[in-house]
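Engineer: Here it is, the structure in full.
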Amino acid sequence: MMTAHSAQSGVALITVMLVLSIATVAVVSMSTARQMDIRRTENQLRQMQGWEYVYGLESWAKARLQQDANDNKLDGLQDSWRKPLTEMIVAEGSIQAQIEDMQGRINLNNLWVEGKVSEQDLIRLQRLFAYLKLKPELLDGLLDWIDDDMEIRYPNGAEDETYGRHKPPYRAANHFFTDVSELLLVQGMTREQYQKILPYVYVTDGYAPLNVNTASTMVLRCLADDMSADQAESIFRASGKPFEKIDDFLKDEAVIDRAIRKYGLAVMSQHFLLTGQIKMGKNQWLFSSQLQRDKQGSTRLIKRQRRSFANG
């Protein structure tokens, strides 16, 4: 038979065990929370350090472009700024970066000049679409996206009336592209088509001529009808060095008979793209910074994008 003393002892033991269980749970919870706080703080510190590396690489790019402007009056594939910063070991990781001349591509905003379509730039883009085997009717939607009216271009244009039927609905920009990714919003443009054209186009405010010294073979082909890849490549094989003037380019034996127009061509550039990768522990950051250099060589940041992900 259980005595009152035994019952009290049992209750006391259960109470002690309960208190110990609660204390254990509390300690584990506090430890887990502390570990999460430490990990969160570490991630925040890595994020801050990652941004500092981005800023540092931008300063590196600006300095190289400034030095190039001091040394050269043209931009070509042999310029020192084109030499990439190969993987450099830093605290807890590594960094790497490279600079690209954006004016070796076609500026989509060149299509709209002083309130009307720039026919010469449209023709060059039409050739690009043809070489890439993209549907030419996409250009109607592209022009409607950038023009400043609400009139739908025949037969494949699109304005608010068309985009309003999309899910979710949206409106035509009716102004210059602010980012090349806006192409994905243009009527008829698929992601596959976008990926095809992406290496050959970019956007920046205002008109930016094409630099013939840094243009790719594909972009050079857009300067004339039915120019083959071999013919475009022969432009640089024939000269062996960058052109100092557009007139020199037009007189080159590889293009002299092709009736290429001088309009919208250059041998110097103002728009550049810095891309890089930062690795720190299990984290990686990919970033791109669009830079603009003025005639005095001073370079400023136009926009920056950064994407982070973990290795696992």
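Here the sequence shown is numbered in the UniProt record's numbering, starting from 1 and rising by one per residue. We put the beta carbon where it would ideally sit given N, CA and C, even for glycine.
Put glutamine 67 into one of helix, strand or coil per three-state DSSP.
Structural biologist: Of the three classes helix, strand and coil, the one that applies to glutamine 67 here is helix, per DSSP.
Engineer: Determine the direct distance from the alpha carbon of glutamine 305 to that of aspartate 257, and round the result to whole angstroms.
Structural biologist: Using only the alpha carbons, I get a separation of about 43 Å.
Engineer: Quick one, which of Arg171, Lys135, Tyr170 has its alpha-carbon nearest proline 155's?
Structural biologist: Here the closest residue by C-alpha is Lys135.
Engineer: For asparagine 110 and glycine 264, which I take to be in contact (beta-carbon distance under 8 Å), what is that distance rounded to the nearest angstrom?
Structural biologist: The pair is a contact, with the Cβ atoms about 7 Å apart (cut-off 8 Å).
Engineer: With a threshold of 16 other CB atoms inside 10 Å of the CB of leucine 108, please say whether the residue is buried or exposed.
Structural biologist: Buried: at least 16 other Cβ atoms inside 10 Å.
Engineer: My output table needs one value for arginine 300: the three-state DSSP class, helix, strand or coil.
Structural biologist: Three-state DSSP puts arginine 300 in a strand.
Engineer: Quick check on the burial criterion: 16 or more other C-beta atoms within 10 angstroms. Buried or exposed for tyrosine 170?
Structural biologist: So tyrosine 170 ends up on the exposed side.
Engineer: On the CB-based measure, 16 or more other CB atoms within 10 Å of its CB, does leucine 91 come out buried or exposed?
Structural biologist: One detail in the question is off: residue 91 reads as alanine in this sequence, not leucine. Classification for alanine 91: exposed.
Engineer: With distance defined between alpha-carbon atoms, name the residue in Gln47, Arg307, Ala63, Phe129 nearest to threonine 299.
Structural biologist: Nearest C-alpha to threonine 299: Ala63.
Engineer: Reducing DSSP to helix, strand and coil, say where glycine 312 ends up.
Structural biologist: With a pLDDT of 45 at glycine 312, under the threshold of 50, the predicted position of this residue should be treated as unreliable, though the coordinate-derived value follows. Note: glycine 312 maps to coil in three-state DSSP.
Engineer: Roughly how far, in whole angstroms, is the beta-carbon of leucine 250 from the beta-carbon of isoleucine 260, given that I think they are within contact range, below 8 Å?
Structural biologist: So it is a contact: roughly 6 Å between Cβ atoms.
Engineer: Give the list of continuous beta strand (DSSP E) stretches no shorter than 3 residues that lie fully inside the segment 51-100.
Structural biologist: For the segment 51-100, whole beta strand (DSSP E) runs of length 3 or above, ordered along the chain, are 85-90.
Engineer: Am I right that leucine 128 and isoleucine 99 are in contact with their C-beta atoms under 8 Å? What's the rounded C-beta distance?
Structural biologist: About 23 Å separates the two Cβ atoms, so there is no contact after all.
Engineer: With the cut-off set at 8 Å, would you say serine 288 and leucine 273 are in Cβ contact?
Structural biologist: Contact: yes.
Engineer: Which class does glutamine 270 belong to by DSSP, given the choice of helix, strand or coil?
Structural biologist: In the structure shown, glutamine 270 sits in coil (DSSP, three-state: anything other than H, G, I, E or B).
Engineer: Whether or not the segment 181-196 and the segment 212-222 are in contact is what I'm after, with contact meaning three or more pairs of Cβ atoms, one per stretch, closer than 8 Å; do they touch?
Structural biologist: Taking 8 Å as the limit for Cβ pairs, the verdict is that the segment 181-196 does not touch the segment 212-222.
Engineer: Does any heavy atom of the ligand NAD sit closer than 7 Å to the C-beta of arginine 304?
Structural biologist: Inclusion of the ligand NAD in the displayed structure is not the case, the ligand content being empty and no account of it being possible.
Engineer: Helix or strand or just coil, what does DSSP make of serine 181?
Structural biologist: Note: serine 181 maps to helix in three-state DSSP.
Engineer: Beta carbon of asparagine 213, beta carbon of proline 168: below 8 Å?
Structural biologist: Their beta carbons are not under 8 Å apart, which means asparagine 213 does not touch proline 168 by this criterion.
Engineer: Go ahead and label arginine 307 buried or exposed: buried means 16 or more other beta carbons lie within 10 angstroms of its beta carbon, across all protein chains shown.
Structural biologist: By the neighbour-count rule (16 or more Cβ atoms within 10 Å), arginine 307 is not buried but exposed.
Engineer: Let me know the secondary structure DSSP gives phenylalanine 236 once reduced to three states.
Structural biologist: DSSP places phenylalanine 236 in helix when its eight states are reduced to three.
Engineer: Are the CB atoms of valine 113 and tyrosine 207 within a distance shorter than 8 Å?
Structural biologist: Yes, Cβ-Cβ distance for tyrosine 207 and valine 113 is below 8 Å.
Engineer: Cutting at 8 Å between CB atoms, please list the residues of its own chain near glycine 312, excluding the five before and the five after it.
Structural biologist: No answer about glycine 312 holds up, because its pLDDT of 45 lies below 50 and its placement is not dependable.
Engineer: Is it buried or exposed for glutamine 270, if we count other Cβ within 10 angstroms and need 16 for buried?
Structural biologist: Classification of glutamine 270: buried, given that the 10 Å Cβ count is 16 or more.
Engineer: Sort Leu125, Ala254, Ala97, Asp68 by Cα distance to leucine 210 and report the nearest one.
Structural biologist: Comparing Cα-Cα distances from leucine 210 to each of Leu125, Ala254, Ala97, Asp68, the minimum goes to Leu125.
Engineer: Please state the DSSP three-state secondary structure of threonine 275.
Structural biologist: Strand.
Engineer: List the endpoints of the continuous beta strand (DSSP E) containing phenylalanine 249.
Structural biologist: That residue, phenylalanine 249, is in no beta strand (DSSP E); its alpha helix (DSSP H) goes 246-251.
Engineer: Measure the alpha-carbon distance for glycine 188 versus glycine 115 and round it to whole angstroms.
Structural biologist: Rounded to the nearest angstrom, the two C-alpha atoms are 24 Å apart.
Engineer: Rounded C-beta distance between aspartate 101 and aspartate 68? I'm assuming under 8 Å.
Structural biologist: Going by Cβ atoms, the distance from aspartate 101 to aspartate 68 rounds to 11 Å, so no, they are not a contact pair.
Engineer: Mapping the DSSP letters down to three states, classify arginine 124 as helix, strand or coil.
Structural biologist: Residue state, collapsed to three classes: helix.
Engineer: Going by DSSP, which residues form a beta bridge with glutamine 193?
Structural biologist: The partner list for glutamine 193 (beta bridge, DSSP) is empty, contrary to what the question assumes.
Engineer: From which residue to which residue does the beta strand (DSSP E) around leucine 291 run?
Structural biologist: First-last of the beta strand (DSSP E) with leucine 291: 283-293.
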